[in-house]
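Below is one structure, written out as structure tokens, with a few remarks after it.
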Amino acid sequence: MSAFSLNRRRILSLWLPRLPIDRTQRRVAQSAVSPGRNEKAAQTMAAQEIPSVVVAKQHNAILLHAIDEAAVGAGLSIGLPLANARAICPELVVYDADPAADIKTLNDIADWCDRFTPLVALDPPYGLFLDITGCAHLFGGERALLQIVTNALSRRGFAVSAAIAGTSIAARTLTRHASGKIVADGEEAHAIGPLPVAALGADAAITSGLRRAGLKTIGDVAARAHHEITARFGADFTTLLSHALGQGDAPISPRKPLPDYIVEKRFPEPVSTDTVIAMTLQHLARMLVATMDRQGKGARQLEASFFRTDGAVRSIAVDTGRPVTKPEMIDRLFRERLDSLNDPLDPGFGFDLIRLAAGRTEIVVQQQRDLDATVHDNDELSALIDRIAARIGGKRVVVHLPLESHIPERSALAVPAQHHLAAAAQASWPERVAGEPPLRPLRLFDRPEPIKVPFATVPDGAPHQFTWRRALHAVVRVEGPERIAMEWWKQDGKSLTRDYFRVEDAEGQRFWIFRDGLYENELRDEAGEPVSANWYVHGLFA
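Numbering (the working numbering), first residue to last: 70 to 611.
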């Protein structure tokens, strides 16, 4: 075998041709076994031998969208009008199509397939691609892996077709007409040659044109010169045919990016106790750190995935401000995350696989930590932020960075502390003038809050009193105004100039208020008549 062949991929293609009706019947069956549903259960059991279909409206007609095996036996087919189907089978059970639920179910199945390989891609509308290159031996070989996947899906009530080949297009083609086929690398052309041209999944117009030209099988099409096929049916079809024959392949698009490092633990018997789960996470953390340490890396993003025996998958992710190189820290972060979950980790009938992945890693920069107290302080602060973020969410722990803008609400940017701690420590803020009161309030509102001002000195004076949050404040001291014009190059021309005042009321509270607009030229209506100004409080001084 050549070196090129050794590097060729192996793709497992799954096709669930009856996904809409299988999903619907599973939902009905689950409702039937619920307490107090005896009547429904009886109806469901009776309907098991009655043809069932899913219908959808297409071109102003209600057509069969998916059918079960009993409907096939009754002579029904996809695309048949519902009225004709009822004429053929009056006792037909009809359900409405739900494309959103079908997509969710396909994604749930893809999550379950993550236990076999992290490279799982969607093949709409009802298919999946699994890149099993180099991992089939973990499950007893390709034949054993194919049987494990198909048997598991069949037990859950899904009709499934599967095939393995060296290219995704060849594997998908085989699932349509040769389920269970495993094609050796380089044998794709021989395997799919006898299949009908419809198996390629090309447009209906192209398939009809091939048949009219007397090309009924893929082998017949492959026997013709490529330039002839391209001239008649286009370059896209020629590329599709080449990939199906194993002559090159387009890469699949995995649903999730491939993590930098993955460690996992499979259990011969499902586990469900918190103690075992915690011990497993500790063990996986040590394995992960040991693997990363050999390459001098630390984790910045971690994800723990818990695979239940019933197919459900629960994933929990944590981020870190600095590369983590200690298993104790990883364990502590996940403990914080698990303790803060609104929906507790439900093991159901148990987990048969727990996986820990480092989605993003960085090279660890070695620093002198014995004598430099600043390094120790930074490490402790970063660890504290990571723990708080794991419990309440990384977006809720923020630091502020200065921005080049004289607009008060735009002069600082709130960013996640985990990723910008170093930048915040080095940020340069305007220094306060010694002996002078602060120019900006300690607390600045996200949005200025309106206040009621009965009267103020015109044109640029402060109010004598104002009402804020239904409380009247009498102004006894005033500093200002400080005039701030809006950034005209970023505005639509409707933003007004602000006059800010630092005011103190009779009770000693200090406010930062402003008048929105200038009396001379901005506060006028369409007729040019002067209008009253709007006043706002923007912050509070200590």
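No residue lacks a Cβ here, since even glycine has one placed at the ideal position from N, Cα and C.
Because the structure is a prediction, the values reported are computed rather than measured.
CA-CA distance, arginine 567 and phenylalanine 583?
Residue numbering aside, residue 567 sits at position 498 when the sequence shown is read from its first letter. Residue numbering aside, residue 583 sits at position 514 when the sequence shown is read from its first letter. Each residue's CA atom was taken as its position, placing arginine 567 and phenylalanine 583 some 6 Å apart.
Note down, one range per segment and in chain order, each alpha helix (DSSP H) of at least 4 residues found wholly within the region 267-297.
273-281 and 287-292
Give me the DSSP bridge partner(s) of threonine 536.
Translated into the one-based positions of the sequence shown, residue 536 becomes position 467. Threonine 536 pairs with Lys521 and Leu541.
Under 8 Å: do the region 377-387 and the region 403-418 share three or more Cβ pairs, one atom per stretch?
Flag = yes, the region 377-387 and the region 403-418 touch.
Residues in the same chain with beta-carbon distance under 6 Å from proline 477, minus the five sequence neighbours each way, listed in chain order, please.
Counting from one through the sequence shown, the residue named residue 477 turns up at place 408. So no residue of the chain qualifies.
Considering only the alpha carbon of each residue, which of Gly530, Gln99, Gly142 and Ala258 lies closest to isoleucine 616?
Past the boundaries of the shown model lies residue 616; the chain is included only from 70 to 611, so the question cannot be answered.
Using a Cβ-Cβ distance under 8 Å, would serine 384 count as near chain D?
The displayed structure is made up of one protein chain only, and chain D is not part of it.
State the beta-bridge partners of lysine 126 as determined by DSSP.
Counting from 1 along the sequence shown, the entry for residue 126 is found at position 57. DSSP output for lysine 126 lists Ile131 as bridge partner(s).
In angstroms with no decimal places, state the Cα-to-Cα distance between arginine 460 and methionine 398.
Counted from its first residue, the sequence shown places residue 460 at position 391. Counted from its first residue, the sequence shown places residue 398 at position 329. Their backbone Cα atoms lie some 14 Å apart in a straight line.
How long is the line joining the alpha carbons of alanine 253 and glycine 283, rounded to whole angstroms?
Residue numbering aside, residue 253 sits at position 184 when the sequence shown is read from its first letter. Residue numbering aside, residue 283 sits at position 214 when the sequence shown is read from its first letter. Rounded to the nearest angstrom, the gap between the Cα atoms of alanine 253 and glycine 283 is 29 Å.
Note down, in chain order, each residue of its chain lying with its Cβ closer than 8 Å to the Cβ of serine 409, except the 5 sequence neighbours on either side.
Here residue 409 corresponds to residue number 340 of the sequence shown, with the count starting at 1. Cβ within range, chain order: Ala459, Arg460 and Ile461.
Can you confirm whether the region 489-501 touches the region 542-549 when touching is taken to mean that 3 or more C-beta pairs between the two stretches lie within less than 8 Å?
no
If we ignore side chains and look at the alpha-carbon of each, how far apart do aspartate 91 and proline 337 end up?
As a first step, residue 91 is located in the sequence shown; it is residue number 22 there, counting from the start. As a first step, residue 337 is located in the sequence shown; it is residue number 268 there, counting from the start. Taking the straight line from one Cα to the other gives about 29 Å.
Take isoleucine 201 as the anchor and find which of Ile275, Val123 and Pro323 has the nearest alpha-carbon.
For the purposes of this step, residue 201 is taken as the residue at position 132 of the sequence shown. Of Ile275, Val123 and Pro323, the residue nearest in Cα terms is Pro323.
Taking the alpha-carbon positions, what's the threonine 349 to lysine 334 distance?
What you label residue 349 is simply residue 280 of the sequence shown in a count that begins at 1. What you label residue 334 is simply residue 265 of the sequence shown in a count that begins at 1. Roughly 8 Å between the two C-alpha positions.
Taking the continuous beta strand (DSSP E) assigned at proline 471, which residues delimit it?
Here residue 471 corresponds to residue number 402 of the sequence shown, with the count starting at 1. Start and end: 467-471.
Please state whether DSSP places threonine 430 in a helix, a strand or coil.
Here residue 430 refers to the residue found at position 361 when the sequence shown is read from its first residue. Strand.
Rounding to the nearest angstrom, what Cα-Cα distance links valine 162 and threonine 286 in this structure?
Along the sequence shown, one-based indexing puts residue 162 at 93. Along the sequence shown, one-based indexing puts residue 286 at 217. Roughly 37 Å between the two C-alpha positions.
Does the Cβ of glutamine 487 have 16 or more other Cβ atoms within 10 Å, making it buried, or fewer, making it exposed?
Position 418 of the sequence shown, counted from the first residue, corresponds to residue 487. Counting the other Cβ atoms within 10 Å of the Cβ of glutamine 487 gives 16 or more, which makes it buried.
Mind pulling the alpha helix (DSSP H) runs of 4 or more residues that sit fully within the region 341-396?
343-362
Spatial neighbours of serine 451 within its chain, please: CB distance less than 7 Å, with the 5 preceding and 5 following residues excluded, ordered by chain position.
Position 382 of the sequence shown, counted from the start, is the residue given in the question as residue 451. For serine 451, where only same-chain residues beyond five positions count, the Cβ hits under 7 Å are Gly390, Arg391 and Leu490.
Which one or two residues does DSSP pair with arginine 567 in a beta bridge?
For the purposes of this step, residue 567 is taken as residue 498 along the sequence shown, with counting starting at 1. Per DSSP, Ile553 and Asp585.
Using only CA atoms, which one of Pro339, Val433 and Ser497 lies nearest to leucine 422?
Reading the sequence shown from its first residue, position 353 is the one you call residue 422. When each option's Cα is compared against that of leucine 422, the closest is Pro339.
Could you tell me whether the region 271-281 touches the region 301-313, using the rule of 3 or more Cβ pairs below 8 Å?
yes
Have a look at the DSSP bridge pairing and note the partners of leucine 422.
As a position in the sequence shown, residue 422 is number 353, starting the count at 1. In the DSSP output, where bridge partners are listed per residue, leucine 422 has Arg335 and Phe376.
Do you know how far the Cα of leucine 215 is from the Cα of leucine 188?
One-based indexing of the sequence shown puts residue 188 at position 119. One-based indexing of the sequence shown puts residue 215 at position 146. Roughly 16 Å separates the two Cα atoms.
Cutting at 7 Å between CB atoms, please list the residues of its own chain near glycine 262, excluding the five before and the five after it.
Numbered from its first residue, the sequence shown carries residue 262 at position 193. Counting only residues of its own chain and dropping the five nearest sequence neighbours on each side, glycine 262 has a CB closer than 7 Å to the CB of Thr286, Ile287, Gly288 and Ala291.
Nearest to glycine 255 by alpha carbon, out of Ala205, Gly317 and Leu222?
What you label residue 255 is simply residue 186 of the sequence shown in a count that begins at 1. When only C-alpha atoms are compared, the closest one is Gly317.
State buried or exposed for glycine 105, treating a residue as buried only when at least 16 other CB atoms are found within 10 Å of its CB.
Numbered from 1 along the sequence shown, position 36 holds the residue referred to as residue 105. Note that glycine 105 scores 47 on pLDDT, short of 50, meaning its location in the model is unreliable; the coordinates nonetheless yield the value given after this. With fewer than 16 other Cβ atoms within 10 Å, it is exposed.
Using a threshold of 8 Å, state whether the C-beta atoms of serine 82 and alanine 232 are closer than that.
As a working mapping, residue 82 is identified with position 13 in the sequence shown. As a working mapping, residue 232 is identified with position 163 in the sequence shown. Closer than 8 Å, so yes.
Of all the beta strand (DSSP E) runs that stay within the bounds of the region 479-524, which reach a length of 3 or more residues?
The qualifying runs are 481-485 and 512-520.
So what's phenylalanine 302 in DSSP terms, helix, strand or just coil?
Position 233 of the sequence shown, counting from 1, holds the residue named residue 302. Helix at phenylalanine 302.
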